[in-house]
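Going left to right, the sequence shown walks through residues 4 to 82 as my numbering numbers them.
Idealized CB from N, CA, C, for every residue including glycine.
Predicted model only: the values in this text are computed from it and were never measured.
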Amino acid sequence: MCKCESCGVEEGQLRPIGKYIVELHQLEYKGSKMDLCLTCYRHYKMKLTRVADKEQRGFDLYSNFKKLYQQAFHTEHKD
4 MCKCESCGVE
14 EGQLRPIGKY
24 IVELHQLEYK
34 GSKMDLCLTC
44 YRHYKMKLTR
54 VADKEQRGFD
64 LYSNFKKLYQ
74 QAFHTEHKD
């Protein structure tokens with residue numbers, strides 16, 4: 004039997020909290036894969052979504068600054 008790599012609960016057992024049968028879900032991020040129970044899967048997925056949102060906001064801020072710079076100085080800036 005496989006175990007959740009985060010909390011160690013075995014697949015097919017009853018989860019201590021919630022009393023449901025554990026099914027493992029695979030989460031892949033930047034080439035690494037983890038087998039997680041549903042509770043841990045949701046937790047990690049939420050964290051990864053937040054990180055991706057922060058990275059996107061940083062890129063959007065850079066893009067907006069670049070556009071303002073180009074408008075102010077009428078230049079074409081290459082990446």
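(message) For the pair the segment 15-28 and the segment 38-57, tell me if three or more CB-CB distances fall below 8 Å.
(response) yes
(request) Look at M49 and E8 and say whether their C-beta atoms are less than 8 Å apart. (result) no
(message) I need the straight-line Cα distance from K70 to E58, nearest angstrom please.
(response) 19 Å
(message) Taking the alpha helix (DSSP H) that Q1 belongs to, which residues open and close that run?
(response) Given that the chain is displayed from residue 4 to residue 82, the structure contains no residue 1 and the question cannot be resolved.
(message) Could you compute how far the alpha carbon of Q73 sits from the alpha carbon of V54?
(response) 29 Å
(request) On the DSSP bridge assignment, give the partners of K6 in chain order. (result) E13
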